[in-house]
Amino acid sequence: FPEKFKHSYLRPLYGDYRFAIHDVYRLYHGWYDSGNSTDLFPSRSGDVAKEFLKVANGGAFLERANKLVEEGNNQLALHMLDVIVKANDLKNPQVLLDALKLKSKIIKQKAKEELSFIAMNIYNTSVLQIKERIKELKKSLR
Numbered sequence: 254f255p256e257k258f259k260h261s262y263l264r265p266l267y268g269d270y271r272f273a274i275h276d277v278y279r280l281y282h283g284w285y286d287s288g289n290s291t292d293l294f295p296s297r298s299g300d301v302a303k304e305f306l307k308v309a310n311g312g313a314f315l316e317r318a319n320k321l322v323e324e325g326n327n328q329l330a331l332h333m334l335d336v337i338v339k340a341n342d343l344k345n346p347q348v349l350l351d352a353l354k355l356k357s358k359i360i361k362q363k364a365k366e367e368l369s370f371i372a373m374n375i376y377n378t379s380v381l382q383i384k385e386r387i388k389e390l391k392k393s394l395r
């Protein structure tokens, strides 16, 4: 934490100061908060992911995500995995399955490290949703 947030009464047990900072920023900048004109009327994230997979296959994104995990950059690895997951490309279901498994593993770890009850609960709920999706995908592959 920044030094000014190290007081015991500011520990992120329920909420988190990062939520508040993000909300204040959004309050004054609205939904268009990146300053990048691409984000003014963005394409659907699934459509963007499908286009990324036309440039590089899902295996390349999965390989890069694994490398990022090895380097300790789990959050960036999640973004790489989301390209595969959001594209939902069933032409290569094993890559999708592997991406979901790795995403679940990373999020479980993030939940263990998280102090904020809200963030931890969101992570844990996400893991349950991913497990359900893995189960459905395995069933469809039989």
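Going by the numbering used here, the first residue of the sequence shown is number 254, and it counts up by one from there.
Just so it is clear, CB atoms sit at the ideal spot from N, CA and C, and this is done for glycine as well.
Keep in mind the model is a prediction, meaning the values are calculated, not measured.
| field | Ordered list of beta strand (DSSP E) runs contained in the segment 323–366, each at least 3 residues | value | none
| How long is the line joining the alpha carbons of D300 and K344, rounded to whole angstroms? | Distance between the alpha carbons of D300 and K344 is about 16 Å.
| Between which two residues does the alpha helix (DSSP H) containing R279 stretch? | Y270 to H282
| request: Measure from the alpha carbon of A309 to the alpha carbon of each residue in N327, P265 and L334, then state which is nearest. | output: L334
| query | When the distance is taken between beta carbons, is S298 closer than 8 Å to K339? | reply | yes
| field | Neighbour-count burial assignment, S357, 16 or more Cβ in a 10 Å radius | value | buried
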